[in-house]
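**Student:** Right, I'll just put the structure down here and ask away after.
Residue numbers (the working numbering): 359 to 1348.
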């Protein structure tokens, strides 16, 4: 049996032709022969025979013709099993040595090796045998969509073999024998410069210089007339050499001084998972570059890892392409794909051509590009191609080179081998998940892991997102993540292998959205900074009920425009956000964009105020600023901030960005209100940099616009921040300015708050009389307006003034009053603080049993409040008391428990103060090594949060341990009484 392709298509059995049936059946056989020994998908068969517009009956016709081919193979006695059914297509496996094209390629390869070994005469004989296999044009007379391009590719192989034959004749000094054939072929292929070059060289070498120059002029006329360009550089150089009387010597391609290409492929993926079958197929296509120019399209929906796959297989075949591997992003999904002319120029630069050598015209660039590839073995990877037109001109035309393309489209308009990357197998998806989340977590709950990757649709992007969620939260169980993904549909199911459309580029994805989802996508892109967002934000930007917003979020997530980021939050990919922002500027009127941004700011302001109120840390009262412009329904808002600390931590980065964006948009009142509501969280969690980064821009804008209320609020809060960080002079300036604004605005609440702040700073600097005046005035104002937390805050400060000046009775009286007021108002934070201060007063007077009772009661209040930090402040004092009473083991145990809580809650000031107490305990028992360890840790914390006084204390204590003298700062001012975790207003001051 023998299949003949090098001429009219024939099947010979015993030397006798077998009738191949109707034209479409013959075309199917030819198509399968071109892809012999490789599975061919039904979609590729249909597009190959009928082109981009097949009839509705195309698939049925293919099945009919397959049956016909099997029948004739069976009748001929060669076996119908040569043509097999494979998933989604067919596979033809001819017996070895039964295809004339294979024989031709094998003989050409053998001749090339003979020529390289210096045996040109043997190469001539072998090539003559190979060329005799041709009986005419390849696949002559075949009528099908693929036939023309396939015949051209076969003809390229034939001409390449003849060029090699000419090189062999030249090396054997037998040029004259080939001149007639070179004339004939140059006439038949007037634009083929390789043939014309060899004809000129043979003529000149055999004394026919005039004929050689005439051949050049004929070529010049043809190229300028047909292509509008001059002949290539090699022909021009040969003409110049002939005119100068030189005798050019043909050099082997390996010795030619041509520009060199580089190896531009990005790094391989550190953990490439799966794709074994697809990888093997592509490697088989790319692994034999000498058989002909290869073109491979890697297609699939977003998120399947097309680029990663292409880079991986490209690096695997580096040895087969020793002259270079080029990588070019084509930006097809950006909406502005790279033009072919620009791509050709970039590739030419990658091939070593300088800018001045690259023609301006596209046709000239493409001609130079193909010429540069003609005698090289180069792999070109074009990433993210939008359509066939963008790559058709970049297909290599000669053996030795390959083009590897990634695209969301199947690019049916070009002749190429194709592989579609779909979902991973279940095993591969689990391996990918394990590579991110850890083998142990998967092994602990394999059933949940299997359900998780199944709900991700086995798409690598979705699995990677799931793995990232698990990696980002080591406490989250697989089952919980399963529940979060339960209602999501599989993404991009419509991207099947049979679909030939250019798919899922951003513009087409945008157009396919429903009108509300499209507007939500645009408004989210333009209204939010580049951070993950909660799902309810869609309801805000569209002004719709949250249930409607959730459905729109589902639609955006299903199209992969919104990507899950964990815990009910989503993110927009940077490129998607850019596209959405551009569309918002074009499609959404400015007033709608401004209104959406206003609703979003309003919703965040409302939630922040609710969270602050739920947190229960403020003593000033509501800021006299802009009310929220929009809010979520009460049940939804209440649910979102049920755990105010968790809500704040999830939204912290975005909230800061919203404040700064509001300042840029001129919404100063909203920005100030949001920043003010966040201050209590910044203080409690010691996010001092965030505190300043939100308040200072608002203050600057408020001063610039004359917004006295916003300036007043920001100044009071910044005064507290500077107090905590021991910048007392700046703190006094802030409080003084806030006080002036409050009196101008007749805001008694903020007047009292500013006076309290001044009182605390004066107390910390040892100016006790001034502190008492300010705190007394603040207490009276708070009583006048009925602000019990404000009264307690001022009374607590007065008690500390008396305690630090050893007026024990007065101190106890103020703390007792604070306790009574707090209990009558149900103000549990104030009650806990008063009990702790009474305990501290008892300790100063040596009443240790009473001190322990007060600290224990304060701990119980913290437990009732459900606030672990308030509880821990009391335990911290109990631990310090136990150490002072000589029970070091119990005291150290309690303090280590406090340290664990502070670390878990991110309370850095509390960590440092506890470490200082542990250092004192270690020093008292002569354990200088642990004492140094604790002090160094505390010192590093105070360096990070910026607390000069306590930083000085830690350095001084280290100096004592080193025997370098007593801490000099103790003579400068007394130590503040409080050494617990809360440095400021939430627990009534430092």
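All residues carry an ideal CB built from backbone N, CA and C; glycine is no exception.
Tell me which residues share the same chain as residue 972 and place their Cβ nearer than 7 Å to its Cβ, disregarding the 5 neighbours each side in the sequence.
**Tutor:** As a first step, residue 972 must be located in the chain shown, where it is residue number 614. Taken in chain order, the residues that qualify are 999, 1002.
**Student:** Quick check on the DSSP output: what are the complete beta strand (DSSP E) runs of length 3 or more inside the segment 670 to 717, in order along the chain?
**Tutor:** 683 to 687
**Student:** Does DSSP put residue 1071 in a helix, a strand or coil?
**Tutor:** Indexing the chain shown from 1 puts residue 1071 at position 713. Reduced to three states, the DSSP call for residue 1071 is helix.
**Student:** Can you give, in chain order, each stretch of the beta strand (DSSP E) that sits fully within the segment 1096 to 1129 and has at least 3 residues?
**Tutor:** none
**Student:** For residue 765, write down the residues that DSSP places opposite it in a beta bridge.
**Tutor:** By 1-based counting over the chain shown, the position of residue 765 is 407. The partner list for residue 765 (beta bridge, DSSP) reads 657, 743.
**Student:** Kindly identify the DSSP beta-bridge partner or partners of residue 652.
**Tutor:** Here residue 652 refers to the residue found at position 294 when the chain shown is read from its first residue. Residue 652 pairs with 760.
**Student:** What is the rounded straight-line gap between the Cα of residue 502 and the Cα of residue 799?
**Tutor:** Taking the first residue of the chain shown as 1, we reach residue 502 at position 144. Taking the first residue of the chain shown as 1, we reach residue 799 at position 441. Going from the Cα of residue 502 to the Cα of residue 799 covers about 55 Å.
**Student:** Mapping DSSP to helix, strand and coil, what is residue 1164?
**Tutor:** Indexing the chain shown from 1 puts residue 1164 at position 806. Reduced to three states, the DSSP call for residue 1164 is coil.
**Student:** Kindly indicate which three-state DSSP category residue 985 falls into: helix, strand or coil?
**Tutor:** Translated into positions along the chain shown, residue 985 becomes position 627. DSSP places residue 985 in coil when its eight states are reduced to three.
**Student:** Nearest to residue 1118 by alpha carbon, out of 1106, 785, 1133, 474?
**Tutor:** Locating residue 1118 in the chain shown gives position 760, counting from the first residue. Cα-wise, what sits closest to residue 1118 is 1133.
**Student:** Which value, in whole angstroms, describes the spacing of the CA atoms of residue 740 and residue 551?
**Tutor:** Numbered from 1 along the chain shown, position 382 holds the residue referred to as residue 740. Numbered from 1 along the chain shown, position 193 holds the residue referred to as residue 551. Roughly 27 Å separates the two Cα atoms.
**Student:** DSSP three-state call for residue 1187: helix, strand or coil?
**Tutor:** Position 829 of the chain shown, counted from the first residue, corresponds to residue 1187. If DSSP states are grouped into helix, strand and coil, residue 1187 belongs with the helices.
**Student:** Under the three-state reduction of DSSP, which class applies to residue 775: helix, strand or coil?
**Tutor:** Within the chain shown, residue 775 is the residue found at index 417, counting from 1. Correct three-state label for residue 775: strand.
**Student:** Less than 8 Å between the C-beta atoms of residue 1168 and residue 1177, yes or no?
**Tutor:** Within the chain shown, residue 1168 is the residue found at index 810, counting from 1. Within the chain shown, residue 1177 is the residue found at index 819, counting from 1. Going by C-beta atoms, residue 1168 is not nearer than 8 Å to residue 1177.
**Student:** Since residue 1161 and residue 1199 are thought to touch, with beta carbons under 8 Å apart, how far apart are those beta carbons, to the nearest angstrom?
**Tutor:** On the chain shown, position 803 is the one that residue 1161 refers to. On the chain shown, position 841 is the one that residue 1199 refers to. That belief holds up - the Cβ atoms of residue 1161 and residue 1199 are roughly 6 Å apart, short of 8 Å.
**Student:** What number of angstroms, rounded off, separates the C-alpha of residue 878 from the C-alpha of residue 900?
**Tutor:** For this step, residue 878 is matched to residue 520 along the chain shown. For this step, residue 900 is matched to residue 542 along the chain shown. Their Cα atoms are separated by approximately 6 Å.
**Student:** Helix, strand or coil: which one does DSSP assign to residue 440?
**Tutor:** For this step, residue 440 is matched to residue 82 along the chain shown. If DSSP states are grouped into helix, strand and coil, residue 440 belongs with the helices.
**Student:** Could you give the DSSP three-state label for residue 447: helix, strand or coil?
**Tutor:** Counting from 1 along the chain shown, the entry for residue 447 is found at position 89. DSSP places residue 447 in strand when its eight states are reduced to three.
**Student:** Between residue 1116 and residue 1093, what straight-line distance do the alpha-carbon atoms span, to the nearest angstrom?
**Tutor:** As a first step, residue 1116 is located in the chain shown; it is residue number 758 there, counting from the start. As a first step, residue 1093 is located in the chain shown; it is residue number 735 there, counting from the start. Going from the Cα of residue 1116 to the Cα of residue 1093 covers about 6 Å.
**Student:** Does DSSP classify residue 452 as helix, strand or coil?
**Tutor:** One-based indexing of the chain shown puts residue 452 at position 94. Of the three classes helix, strand and coil, the one that applies to residue 452 here is coil, per DSSP.
**Student:** Please list, in chain order, all residues of the same chain as residue 1061 whose beta carbon is under 7 Å from its beta carbon, the five residues on each side excluded.
**Tutor:** Here residue 1061 is taken as the residue at index 703 of the chain shown, counted from 1. Within the same chain, residue 1061 has close Cβ partners 1069.
**Student:** Check this for me: beta carbons of residue 1390 and residue 1106, under 8 Å apart or not?
**Tutor:** What is shown of the chain runs 359 to 1348, which leaves residue 1390 out entirely.
**Student:** Touching or not, the segment 1046 to 1066 and the segment 1007 to 1017, by the rule of three or more beta carbon pairs under 8 Å?
**Tutor:** yes
**Student:** Whole angstroms are fine: how far does the CA of residue 903 sit from the CA of residue 1266?
**Tutor:** Here residue 1266 is taken as the residue at index 908 of the chain shown, counted from 1. Here residue 903 is taken as the residue at index 545 of the chain shown, counted from 1. Cα to Cα, residue 1266 sits roughly 40 Å from residue 903.
**Student:** Pull the bridge partners of residue 1292 from the DSSP assignment, please.
**Tutor:** On the chain shown, residue 1292 is found 934 positions in, with the first residue counted as 1. Partner(s): none; residue 1292 has no beta bridge.
**Student:** Is the separation between the beta-carbon of residue 697 and that of residue 735 shorter than 8 Å?
**Tutor:** Start at 1 with the first residue of the chain shown, and residue 697 comes out as number 339. Start at 1 with the first residue of the chain shown, and residue 735 comes out as number 377. No; because the gap between Cβ atoms is not below 8 Å, this pair is not in contact.
**Student:** Could you check whether the segment 742 to 752 touches the segment 492 to 507, counting it as contact only if at least three pairs of C-beta atoms, one from each stretch, sit closer than 8 Å?
**Tutor:** no
**Student:** Buried or exposed: which applies to residue 1041, given that a residue is buried once 16 or more other Cβ atoms fall within 10 Å of its Cβ?
**Tutor:** Against the chain shown, residue 1041 aligns to sequence position 683. Buried, because 16 or more other Cβ atoms sit within 10 Å of the Cβ of residue 1041.
**Student:** In chain order, what residues of the same chain have a beta carbon less than 6 Å from the beta carbon of residue 1059, not counting five sequence neighbours either side?
**Tutor:** By 1-based counting over the chain shown, the position of residue 1059 is 701. Cβ neighbours of residue 1059 beyond the five flanking positions: 1021, 1026.
**Student:** Looking at the strands, I want to know which residues DSSP matches up with residue 600.
**Tutor:** Along the chain shown, read from residue 1 onward, the residue named residue 600 stands at position 242. Partner(s): none; residue 600 has no beta bridge.
**Student:** Please return the same chain residues whose Cβ sits closer than 7 Å to the Cβ of residue 431, not counting the five positions on each side in sequence.
**Tutor:** Translated into positions along the chain shown, residue 431 becomes position 73. Once the five neighbours on either side are set aside, the close Cβ partners of residue 431 are 437, 438, 440, 441.
**Student:** Nearest by alpha-carbon distance to residue 521: which of 506, 508, 507, 537 is it?
**Tutor:** Here residue 521 corresponds to residue number 163 of the chain shown, with the count starting at 1. Nearest of 506, 508, 507, 537 to residue 521, Cα basis: 537.
**Student:** Considering only DSSP beta bridges, list what residue 630 is partnered with.
**Tutor:** In the chain shown, the residue the question calls residue 630 occupies position 272. According to DSSP, which records beta bridges pairwise, residue 630 is partnered with nothing at all.
**Student:** Where do the ends of the beta strand (DSSP E) carrying residue 361 lie?
**Tutor:** On the chain shown, position 3 is the one that residue 361 refers to. Unbroken beta strand (DSSP E) run through residue 361: 360 to 362.
**Student:** Per DSSP, which residues does residue 374 bridge with? Please list them.
**Tutor:** The sequence position of residue 374 within the chain shown is 16, counting from 1. Answer by DSSP bridge pairing, in chain order: 371.
**Student:** Would you mind stating whether residue 513 and residue 360 have Cβ atoms separated by less than 8 Å?
**Tutor:** The count along the chain shown starts at 1 and reaches residue 513 at position 155. The count along the chain shown starts at 1 and reaches residue 360 at position 2. Not a contact, by the Cβ cut-off of 8 Å.
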